[in-house]
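Visitor:
There are 4 protein chains.
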Amino acid sequence: MLRMLTAGESHGPKLTVILEGMPAGLPISTNILNQGLARRQHGCGAGPRMSIEKDEIKIISGVLQGKTTGSPIALEIQNQDFINWQGKSLVPITIPRPGHADLTGAAKYGYKDLRLPMERSSARETAARVAAAGICRIFLRLLGIQVGGYVIQIGQIRWDNTTILLSNEFKAAIEERLQASEQSEVRCPDKAVSIAMQQAIQAAQEAGDSLGGIIEVLACNVPPGLGSFVHFDRRLDSQLAAGLMSIPAIKGIAIGNAFGNAAKFGSEINDPIVLKDGHLIRTSNHAGGIEGGISNGEPIVVQVAMKPIPTFPKGLPSVDLANGQPAQSPFYRGDCCPVARAVPVIEAMMVFVLTNALLEKLGGDSIAEILPRFQVLHKMQLDDFSMDTQPWTFDVF
Amino acid sequence: MLRMLTAGESHGPKLTVILEGMPAGLPISTNILNQGLARRQHGCGAGPRMSIEKDEIKIISGVLQGKTTGSPIALEIQNQDFINWQGKSLVPITIPRPGHADLTGAAKYGYKDLRLPMERSSARETAARVAAAGICRIFLRLLGIQVGGYVIQIGQIRWDNTTILLSNEFKAAIEERLQASEQSEVRCPDKAVSIAMQQAIQAAQEAGDSLGGIIEVLACNVPPGLGSFVHFDRRLDSQLAAGLMSIPAIKGIAIGNAFGNAAKFGSEINDPIVLKDGHLIRTSNHAGGIEGGISNGEPIVVQVAMKPIPTFPKGLPSVDLANGQPAQSPFYRGDCCPVARAVPVIEAMMVFVLTNALLEKLGGDSIAEILPRFQVLHKMQLDDFSMDTQPWTFDVF
Amino acid sequence: MLRMLTAGESHGPKLTVILEGMPAGLPISTNILNQGLARRQHGCGAGPRMSIEKDEIKIISGVLQGKTTGSPIALEIQNQDFINWQGKSLVPITIPRPGHADLTGAAKYGYKDLRLPMERSSARETAARVAAAGICRIFLRLLGIQVGGYVIQIGQIRWDNTTILLSNEFKAAIEERLQASEQSEVRCPDKAVSIAMQQAIQAAQEAGDSLGGIIEVLACNVPPGLGSFVHFDRRLDSQLAAGLMSIPAIKGIAIGNAFGNAAKFGSEINDPIVLKDGHLIRTSNHAGGIEGGISNGEPIVVQVAMKPIPTFPKGLPSVDLANGQPAQSPFYRGDCCPVARAVPVIEAMMVFVLTNALLEKLGGDSIAEILPRFQVLHKMQLDDFSMDTQPWTFDVF
Amino acid sequence: MLRMLTAGESHGPKLTVILEGMPAGLPISTNILNQGLARRQHGCGAGPRMSIEKDEIKIISGVLQGKTTGSPIALEIQNQDFINWQGKSLVPITIPRPGHADLTGAAKYGYKDLRLPMERSSARETAARVAAAGICRIFLRLLGIQVGGYVIQIGQIRWDNTTILLSNEFKAAIEERLQASEQSEVRCPDKAVSIAMQQAIQAAQEAGDSLGGIIEVLACNVPPGLGSFVHFDRRLDSQLAAGLMSIPAIKGIAIGNAFGNAAKFGSEINDPIVLKDGHLIRTSNHAGGIEGGISNGEPIVVQVAMKPIPTFPKGLPSVDLANGQPAQSPFYRGDCCPVARAVPVIEAMMVFVLTNALLEKLGGDSIAEILPRFQVLHKMQLDDFSMDTQPWTFDVF
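Residue numbers (this note's numbering), protein chains in the order written: chain A, 10 to 406; chain B, 10 to 406; chain C, 10 to 406; chain D, 10 to 406.
1. Within this structure, are the beta carbons of D:L9 and D:I66 separated by less than 8 Å?
2. Could one say the Cβ of C:D286 lies closer than 8 Å to chain D's Cβ atoms, at least one of them?
3. Would you say B:Y118 reaches chain C, if we count a Cβ-Cβ gap shorter than 8 Å as a contact?
4. Please list, in chain order, all residues of the same chain as B:G217 whose beta carbon is under 7 Å from its beta carbon, the five residues on each side excluded.
5. With 7 Å as the limit, tell me which residues of the region 376 to 394 of chain D have their beta carbon closer than that to any beta carbon of chain F; keep them in chain order.
6. Out of curiosity, what's the CA-to-CA distance linking B:Q188 and B:P198?
7. Is DSSP giving D:P126 helix, strand or coil here?
8. Would you mind sorting B:T402 into buried or exposed? The rule is 16 or more other CB atoms within 10 Å of its CB.
9. Contact between the region 270 to 288 of chain C and the region 335 to 342 of chain C is defined here as three or more beta-carbon pairs at a separation below 8 Å; is this criterion met?
10. For C:G79, which of C:R12, C:Q95 and C:I86 has the nearest alpha-carbon?
11. Whole angstroms are fine: how far does the CA of B:E194 sit from the CA of B:V348?
12. Between the alpha carbons of A:P101 and D:L73, how many angstroms are there, rounded?
13. Residues of the region 71 to 87 of chain D with a CB closer than 7 Å to any CB of chain B: list them in chain order, please.
14. In chain order, what residues of the same chain lie with their CB nearer than 7 Å to the CB of C:G153, ignoring the 5 residues before and after it?
15. Under 8 Å between the Cβ atoms of D:A33 and D:L84?
16. So is D:S38 buried or exposed if we call it buried at 16+ other beta carbons inside 10 Å?
17. Within a Cβ cutoff of 7 Å, which residues of the same chain sit near D:R167, ignoring the five residues on either side of it in sequence?
18. Below 8 Å on C-beta distance, what does B:D374 contact in chain D?
19. Listed from N- to C-terminal order along the chain, which residues in the region 163 to 187 of chain D have their beta-carbon within a distance smaller than 8 Å of any beta-carbon of chain B?
20. Interface residues of chain A around B:K63 at Cβ under 9 Å?
21. CA-CA distance, B:I69 and B:R124?
22. Quick check on the DSSP output: what are the complete beta strand (DSSP E) runs of length 3 or more inside the region 244 to 286 of chain C, in order along the chain?
23. Which residues in chain B have a C-beta closer than 7 Å to the C-beta of D:H7? List them in chain order.
24. Quick check on the DSSP output: the beta strand (DSSP E) that includes C:G34 runs from which residue to which?
25. Going along chain B, which residues have a C-beta under 7 Å from D:W401?
26. Using CA coordinates, which residue listed in B:G30, B:L24, B:C346 and B:H20 is at the minimum distance from B:Q207?
27. Considering only residues of the same chain and omitting the five flanking positions on each side of C:I318, which have a CB-CB separation below 6 Å?
28. Please classify D:E191 as buried or exposed, where buried requires at least 16 neighbouring CB atoms within 10 angstroms.
29. Could you run through the region 10 to 21 of chain A and flag, in chain order, every residue whose CB is less than 8 Å away from some CB of chain C?
30. Work out the CA separation of C:G158 and D:K180 for me, nearest whole Å.
31. Give me the Cβ distance between B:Q50 and B:D64, rounded to the nearest whole Å; I'm assuming they're in contact under 8 Å.
32. Would B:V156 pass as a contact of B:L46 if the rule is Cβ separation under 8 Å?
33. What's the C-alpha gap between C:L325 and C:R106?
34. What does DSSP give as the partner residue(s) for A:C145 in the beta ladder?
35. Taking 8 Å as the CB-CB limit, is C:P107 close to chain D?
36. For the candidate residues D:A351, D:A377, D:N365 and D:I379, whose alpha-carbon lies nearest to that of D:I163?
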């Protein structure tokens, strides 16, 4: 069981995260962790805070001799902005922004200043998750598992990729797509579409408004057998949905193109099984790599809907809680369209969920113990299946 | 903490479910539980098994004097079909159906007969969840909380309802919609659309194919303050996503119309706050009743995408695991379009998640202890908020 | 993660238990399960109910072809006494028995009849645990792990065994001790002491009183490496303490002879490490097989204190809750000294905790996958350790 | 649900702890937290490290305006010793100390230097728990609940207190006892016994040996109704056992004087119920405040056995893992008898478990919401019970 607790406010001294349950012997490099974190700060539509913060991870514990020890790993990220806030006199905020935790947070916790929910519900917290997931990602890479994402829609600009192709049959195309997206300001693999997306963002920004979008995230080389159908909370799709939906502003989760597939015939979107070079493979991947709540060895593909965030210059009708008067919701620095920057966060949660599922499948306490177990995992070779042929009697109960 | 474990195979003697953590003193009637279960067996496109099984719930424990005692509640549902299977001689199934747990189950657990994963991954298991959720639903009703769902799409036939209207402002419309859907064979509130959906199902059936669809499920009168932004796994949307995605054939979850909203401007889909009769309300509900991971008092609205199931007469290309030969996937009795019948299952998981969130908010061990706590819960009255007006210094760290 | 939920009242129709998380492919025999359960019904000092109930386990689900399938396993035990209670008219009980859940249960749940807490807090519930642990025990036996217990004290009669000897060096003595205890009416391995214990029980019974005692339970051939020091809730001793303390009437848990060891010098009770035939072994086992929260390969030894139960003919001063008048606590059929019969229950909880810890160490989903992992587990061979000799710099943070 | 994760090595830069699940609005003072922590560093038999470290807590997050916000609370304690270790060249340790995690840690995690398990299994980690429990203790104090402990045995010197007296009837005596223990170098309430204990420690120190002991910890004014009999893992005694047994060197847990009580008659150690001033009270408290797994309103009393620690100058027979040669186990700075200093750690785990149980009983998200719920909790007044008098029929199943 892998556990992660994050702590930290947006303008407090730092973010802290403890990751508990990683096996011993995993080589960790601060550089790699920082590279992962940097991706979260990059992208068109980023707000002004991104120029204040240049996140750096400090490993506090759980790593000795450059390797994990199996002990809880504490990571810290300083808030550069803290020095500007320490000792600052703050006038309470009393006008809630619709769509944020301002009003619900005050209702739940009895806050008398809406800064309190804003401090913790801020997307700044996700930096801590990306940091911890960086550890998990090193583990996945060691096993040859790659997680990546890209933007397929911003506002009304949609890139018409074909999820069906994202089976193992098209590994080269996937690789290319992931690389191309990192070159794009909006993390869209297609150049022309990227430009259109950027234009849409700029138009929204000029209009004092915000834009959301859709991200596709995938994991390649995931072995079959993660998750299970035997109990509802063991399903891998359920665990992925929980993880991805826990990200601020994420409101929709689809395994593969689930909402599109709902309009099709069963014969169109269930992926045929064929034998190739001794392996059972698929020529399409509408299932998004998960059947019966279990990974099937094809790339895991999830589409994630991000709402246009509710903080933008032109504001929204609200009410001043101090006096009941109508008031426009306030604007603070914020991204007009954080969709591109959400990609590493979404990847992080997928990385976390998959690492947990793998550790459950593999057990063990050190990389040396786990690696041989991983190597003999079922890879959907026909020879690994051994079918009975004799009838048996259904009478065991 | 509410816990639920289900057990039982599709053709075993019975389904068993234990629900642990319900408070004492909740009046339970087997009749009400059975009515809830009956809804799962009703609907166009139901397969032949539905005429075999007339599910009846037996309360085994946890209820005395007609009320819950706080002890674990065990419920049973007999499998009427069991007598036809007991002692039956079964030839192993070796051709996996794409889209099911057949292949992934065999890869994970090493089964030598694909009947084994089929027995447990069958949707029959969901009857146990509906049964246990029936207990939770009685609890919600006691608090005035109503959960209902309906079908908005089957195949390409979509009912163009307007989720935006599903705020508390339109309670009468919601009520009407829920009632209308129960009159429809396909659980769609609109008569004309229902007929079109039925025709689509019939056409698919004649083509030996299957159809999926989209279901909208909602919960009215949920108090604000369930879930939280303070930690990722406390978010109500995350918990709902996990619960709903854990249902067989469900592949997509959207809070409100999340995927549609991703194409809009922030100013269009964040719900303005207005004061009316002393209450802070919304005139739209794009957020689906959840802001910052917390219920905001508006109806909770979730859209759920169900794939067209992979068992249908014309079959799919597959491979016989016994010999590696190509083979068409087998067809067993099954629903051509179980979307309408999935509605009560989806409701059940929402009911379960909300009950758990409420019990966490309310604490307590008996209805007598819980009711007064519920009655003083924040209801988004302006007067309940008490804002600070004096500046304070950000220096507490 | 292994999960177990039990349900059922003392006089309800049956006990139900669901065990979730067992790997597939474990051969299960109802006979073996029933033998395990029968041990719970045997022993001097057993109350009259034991002649009413002859417990038999029914496997409801999770087992096909005589083997576990990886699906949740539901087991049932009928309450033979139910037919005598069904439809019975019951006068409310209003005088709480000190030492039972009568008063605390009523205070917590608001019961108006003390039968309600009595129905569930009855030790009858432990039959369900023993049944489920029977499945786990088959798993442990497959791995060569043996769990057994015996009585070392009843009232003031104590058998002065020497826990120090219970290291792997004395396996034959352990085996003999476990066998001898099964021949004794009071489950004490020593014949003379057994007779004295029986006499003490008889004297207590004649005095209308009850007796408690101390049980020693042990697990042999447990591999090193279960549990951990890295986080407090991962410690094996902590998990054992939780499991064993959860049994009704159990009030004390000692790893080894902990309370006696607390009076000794450190040099007396820490177990020296010596090399023998290439293995690192101990010549004493004061640690009870656990060091730093981790099993060390020596037998795990736990002493468990059971209080004299509070139901006995002469009763105790109490108060009638119906009118506030002083009243003697009532006596119902009950064991005068259930210590011997508690042994299988205590074993059951140890079996459950160890199985869970093993599954965490081993991971995996089927016996076929787990066995090779188990076989290469560290067995405290010197050769398995590979020490660094070069200095390194403490600077990785 | 209250969650706590600690991280940090003995000689790393700092200890970190995240406490998740505390309600909002609890006033926090660093001073009070530091006072709690200071108690852990005080006491006869403390090792030289105690003069190096003067622990100070830094609140990193979760507290604003001097109050908890409901967000995760991160606390840090610097390791003063870190500057002496940073960049230090370290020769691997290859001789395991019996009784520590050295050997089991290396077997489990594959360490090649025994410093690695020593860094995390060190009792230094408990400072983080004491820090986090300091927050919980402020919560308990707000509710009038007091937790304290004292030493009743060191080596063979035992203070013959009478646990039986520790019922609410003797609150003044309890208070006095707790205060007296804080005046004693060995935290024993009795002056003469304290001197004898100190002499025993000094003798052990001179002999190059170590001593253990027994601690009694109690909680006063705990309301009835925490924990439950309805499921085994809901029992308060089980949760306390898990928490207290998770502390390094703690090997035994007794609710009340459980091992002594096991030798008595049932009529001697079950606590009579009497009515006094409208309240149902006990004149003895052998049950240690817990009946049927539920707090009964009397002081919760737990005895905890601590083994004599295995690090002392004269060492123990061991084996050099680098070459298989016999070798005496090494001695590092360490306490000869840390029993007195363990008291605040034991209190901390009891505080944590009770806070969690209270939050489960009370629910809610802020102190303002929780306080009224606490005030109407059952206090064992006779008037709060309302018994049925009419017969009912046992036929609901």
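Don't be surprised by glycine CBs; every beta carbon is placed ideally from N, CA and C. This one's a predicted model, so the numbers in the text were calculated from it and none came from an experiment.
Guide: Concretely, from the data shown:
1. Past the edges of chain D, shown from 10 to 406, lies residue 9 of chain D, and the structure says nothing about it.
2. no
3. yes
4. F321, P322 and K323
5. Among the protein chains of the structure shown, namely A, B, C and D, there is no chain F.
6. 8 Å
7. helix
8. exposed
9. no
10. C:R12
11. 11 Å
12. 13 Å
13. V72, L73, Q74, G75, G79, S80 and P81
14. N230
15. no
16. exposed
17. I161
18. G234, S237 and K370
19. none
20. Under the 9 Å cutoff, chain A gives no residues; its nearest Cβ is about 21 Å from B:K63.
21. 29 Å
22. 259 to 264 and 282 to 285
23. There is no way to answer for residue 7 of chain D, as the model of chain D reaches only from 10 to 406.
24. A33 to P36
25. Q74
26. B:C346
27. S219 and A258
28. exposed
29. M10
30. 40 Å
31. 6 Å
32. no
33. 7 Å
34. For A:C145, which the question treats as bridged, DSSP gives no partner whatsoever.
35. yes
36. D:A351
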